[in-house]
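*Asks:* Chains as they are written, first to last, in this note's numbering: chain W, 1 to 422; chain F, 423 to 601.
C-beta atoms are modelled at their ideal positions from N, C-alpha and C, and glycine is treated no differently.
(1) Can you grab the Cα-Cα spacing for the pair residue 194 (chain W) / residue 66 (chain W), in whole Å?
(2) Flag this pair as yes or no: are the beta carbons of residue 189 (chain W) and residue 292 (chain W) separated by less than 9 Å?
(3) What residues in the stretch 172-195 of chain W have a beta carbon less than 8 Å from any beta carbon of chain F?
(4) Check whether the Cβ atoms of residue 107 (chain W) and residue 89 (chain W) sit closer than 9 Å, and answer yes or no.
(5) For residue 117 (chain W) versus residue 131 (chain W), is the C-beta spacing smaller than 9 Å?
(6) Terminal residues of the continuous beta strand (DSSP E) containing residue 405 (chain W)?
(7) Starting from the Cα of residue 425 (chain W), find the closest Cα among W:283, W:114, W:209, W:341 and give me that residue.
(8) How many whole angstroms separate the CB atoms of residue 301 (chain W) and residue 8 (chain W), which I take to be in contact at a CB cut-off of 8 Å?
(9) According to a CB-to-CB cut-off of less than 7 Å, which residues of the stretch 125-150 of chain W neighbour chain F?
(10) Just to confirm the assignment: which complete beta strand (DSSP E) runs, minimum length 3, are found wholly within the stretch 9-68 of chain W?
(11) For residue 431 (chain W) and residue 262 (chain W), which I take to be in contact (beta-carbon distance under 8 Å), what is that distance rounded to the nearest angstrom?
(12) Got a sec: is the Cβ-Cβ distance from residue 559 (chain F) to anything in chain W below 9 Å?
(13) What does residue 563 (chain F) touch in chain W if you count any residue whose Cβ is under 9 Å from its own?
(14) Taking only beta carbons into account, state which residues of the stretch 507-524 of chain F come closer than 9 Å to chain W, listed in chain order.
(15) So, helix, strand or coil for residue 453 (chain F), using DSSP?
(16) Is the Cβ of residue 497 (chain F) closer than 9 Å to any Cβ of chain W?
(17) Kindly list the residues whose CB is nearer than 6 Å to the CB of residue 270 (chain W), restricted to its own chain and excluding five residues on each side of it in sequence; keep chain order.
(18) Please report how far the alpha carbon of residue 412 (chain W) lies from the alpha carbon of residue 581 (chain F), in whole angstroms.
(19) Looking at the structure shown, is residue 357 (chain W) part of a helix, part of a strand, or coil, going by DSSP?
(20) Tell me whether residue 79 (chain W) sits in a helix, a strand or coil according to DSSP, three-state version.
(21) I need the straight-line Cα distance from residue 421 (chain W) to residue 396 (chain W), nearest angstrom please.
(22) Rounded to whole angstroms, what is the Cα-Cα separation between residue 285 (chain W) and residue 158 (chain W)?
(23) Assuming residue 287 (chain W) and residue 250 (chain W) make a contact with CB atoms under 8 Å, what is their CB distance in whole Å?
(24) CA-CA distance, residue 430 (chain F) and residue 496 (chain F)?
(25) With distance defined between alpha-carbon atoms, name the residue in F:462, F:469, F:509, F:600 nearest to residue 219 (chain W).
(26) Determine, for residue 492 (chain F), whether the minimum Cβ-Cβ distance to residues of chain W falls below 9 Å.
(27) Could you tell me the boundaries of the beta strand (DSSP E) in which residue 498 (chain F) lies?
(28) Are three or more beta carbon pairs between the stretch 365-372 of chain W and the stretch 20-29 of chain W nearer than 8 Å?
(29) Under the assumption that residue 247 (chain W) contacts residue 234 (chain W) (Cβ atoms under 8 Å), give the Cβ distance between them as a whole number of angstroms.
(30) With H, G and I counted as helix, E and B as strand and the rest as coil, what does DSSP make of residue 312 (chain W)?
(31) On a Cα-Cα basis, can you pick out the residue from W:180, W:236, W:143, W:359 that is closest to residue 163 (chain W)?
(32) Would you please verify whether the beta carbon of residue 472 (chain F) is less than 9 Å from any beta carbon of chain W?
(33) Who pairs with residue 534 (chain F) in a beta bridge, going by DSSP?
(34) Give me the residue from F:459, F:460, F:444 with the minimum Cα distance to residue 453 (chain F).
(35) Determine, for residue 596 (chain F), whether the minimum Cβ-Cβ distance to residues of chain W falls below 9 Å.
(36) I'd like the ranges of any beta strand (DSSP E) spanning at least 3 consecutive residues and lying wholly in the stretch 290-339 of chain W.
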């Protein structure tokens with residue numbers, strides 16, 4: 001056991017009923033996260049709809065690593081470190097587009113969309129024809145897999161397949177991803193920096209319904225006394241493996257559209273796809289309305305507002321949040337417009353909800369960093385020992401609100417961080 | 423170059439200076455009176471975009487870098503949206519602005535563009551917006567505003583505003599103030 005191991009175990013209670021503030025600010029923990037969390041977990045790269053044709057590409061990040069995602073001429077999705085093998089210069093500088101090849105601006109090495117080295121200036125005369133193009137292709141992300149449109153990458157060649165990694169969470173993701181034959185598309189992206197640790201943002205997405213009544217008080221009309229009472233038709237669900245989701249259970253006398261508070265045009269659309277949803281998802285899942293969720297470690301979602309987001313870490317005290325809108329690909333154009341506008345008004349850097357979230361996350365990160373604050377524990381005990389099961393739902397279930405999913409998140413964090421070298 | 427009506431330019435300078443002061447002083451109700459009922463207020467996302475496919479640089483536009491019609495914006499408000507934004511700021515529970523940020527908007531480079539058919543005037547300007555929430559939370563941003571102003575009773579009403587922020591990744595935690 002090294003000192004880092006002690007720090008990890010000291011940071012989270014064995015039952016995750018508390019955490020220590022070190023977890024939000026310690027530099028050594030953060031460095032280890034890059035290796036053990038972001039180096040081994042499946043991370044969202046984007047969506048197949050962002051790569052509509054051969055040669056399509058976009059840039060993103062996996063942990064702190066700059067990544068280039070491409071569609072090859074054969075139609076396969078690949079991901080690479082966005083750097084030239086010659087001297088490590090940044091290869092692609094555009095955010096997105098279509099390219100036949102990627103040419104390094106430093107010395108001119110050129111790569112195909114599948115990562116192969118196509119040419120290096122002076123290959124015959126200066127390298128005497130001895131440069132092995134096969135060996136010096138782009139550095140590939142070891143594994144790239146799609147789950148119903150969402151594209152994930154994993155640096156670890158020995159990591160389990162994506163479906164195993166998602167586990168029971170996939171059954172819930174299907175409510176969003178697989179409800180229509182045409183699947184979904186991802187629009188955006190809004191990108192902004194927040195001086196906050198990535199975990200306080202991730203844990204907010206995984207299970208924090210408790211904050212809604214207070215943080216988002218400016219957006220709520222229900223009386224303040226009722227905001228801390230258990231919501232009778234909502235549950236926090238910990239499917240397994242550190243993922244989490246919160247759902248509303250739609251009562252029999254309401255349609256999903258009525259529950260979601262959508263415009264009539266959207267309600268009409270939702271009524272029109274109800275049969276298809278039941279056919280694809282069965283009777284139970286169309287009656288679950290996902291509100292928020294997280295695929296460990298950093299794929300957050302607020303499905304009730306069509307928001308999908310990735311928390312990119314930029315140091316212990318900084319994140320870059322990338323927020324997209326996800327809509328059914330075959331929804332009418334007008335429905336997509338309404339949903340996107342609704343999403344943007346609430347979420348994103350100027351959103352009526354999210355502005356106040358970012359203020360909280362910044363405050364937690366800054367104010368827990370002090371020597372005195374770090375001596376004390378932070379409470380994560382809501383609903384501990386009261387986790388249960390609900391017929392037909394997969395995973396452990398808690399009230400809305402509960403810290404059940406946050407505890408699952410931090411326990412998974414400890415597991416990954418203490419797992420030792422792969 | 424076309425010569426500009428000196429009176430028009432003076433009127434615009436006055437209008438923009440007053441608008442900036444109303445917002446910096448948080449006189450939102452007075453500011454809303456300068457906004458037309460049919461306002462569209464948009465802040466697009468922006469992307470680093472290739473030049474390689476451009477052969478005619480006369481055809482280059484900043485618009486190539488902006489979110490396309492079906493894409494996600496940072497702000498996309500109509501009059502109801504902007505009114506709700508103001509109500510939120512006045513709700514006493516908009517924590518990102520409680521206590522209110524200290525702000526300063528500097529508006530410059532005011533350039534009248536084409537007169538529109540309905541008598542409106544297109545106006546380009548440059549915005550420098552500073553926001554302070556104490557020494558740990560200070561941010562600057564610069565942007566181009568592309569406005570459509572409608573003359574009304576010796577004054578102008580803001581009919582359309584497109585704010586093109588000069589960043590692809592927004593710095594400074596959130597966009598909690600009106601730009």
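*Replies:* Per the coordinate set shown:
(1) 18 Å
(2) no
(3) Taking 8 Å as the Cβ-Cβ cut-off against chain F, the residues of the stretch 172-195 of chain W that qualify are 187, 188, 189, 190, 191, 192, 193, 194, 195.
(4) yes
(5) Remark: C-beta atoms of residue 117 (chain W) and residue 131 (chain W) approach each other more closely than 9 Å.
(6) First-last for residue 405 (chain W): 404-417, but that is the alpha helix (DSSP H), not the beta strand (DSSP E).
(7) A question about residue 425 (chain W) goes unanswered here, because the residues of chain W that appear run from 1 up to 422.
(8) At roughly 27 Å, the Cβ-Cβ gap does not stay under 8 Å, so residue 301 (chain W) and residue 8 (chain W) are not in contact.
(9) none
(10) 43-47, 56-62
(11) One cannot answer for residue 431 (chain W) here, as it falls past the ends of chain W, which runs 1 to 422.
(12) Taking CB atoms only, residue 559 (chain F) has a neighbour in chain W less than 9 Å away.
(13) Per Cβ cutoff of 9 Å: no residues; residue 563 (chain F) is ~11 Å from chain W at best.
(14) The stretch 507-524 of chain F vs chain W, Cβ under 9 Å: 507, 509, 510, 511, 513, 514, 515, 516, 517, 518, 519, 520.
(15) helix
(16) So yes, residue 497 (chain F) belongs to the interface.
(17) 256, 257
(18) 52 Å
(19) In the structure shown, residue 357 (chain W) sits in a helix (DSSP, three-state: H, G or I).
(20) strand
(21) Low per-residue confidence applies at residue 421 (chain W): pLDDT is 46, beneath 50, and the placement is therefore not dependable enough to give any value.
(22) 33 Å
(23) 5 Å
(24) 32 Å
(25) F:509
(26) Taking Cβ atoms only, chain W reaches closer than 9 Å to residue 492 (chain F), which makes this a yes.
(27) 495-499
(28) yes
(29) The pair is a contact, with the Cβ atoms about 7 Å apart (cut-off 8 Å).
(30) strand
(31) The shortest C-alpha to C-alpha distance from residue 163 (chain W) to any of W:180, W:236, W:143, W:359 is the one to W:143.
(32) yes
(33) F:545
(34) Closest by alpha carbon: F:444.
(35) yes
(36) 299-302, 307-313, 319-328
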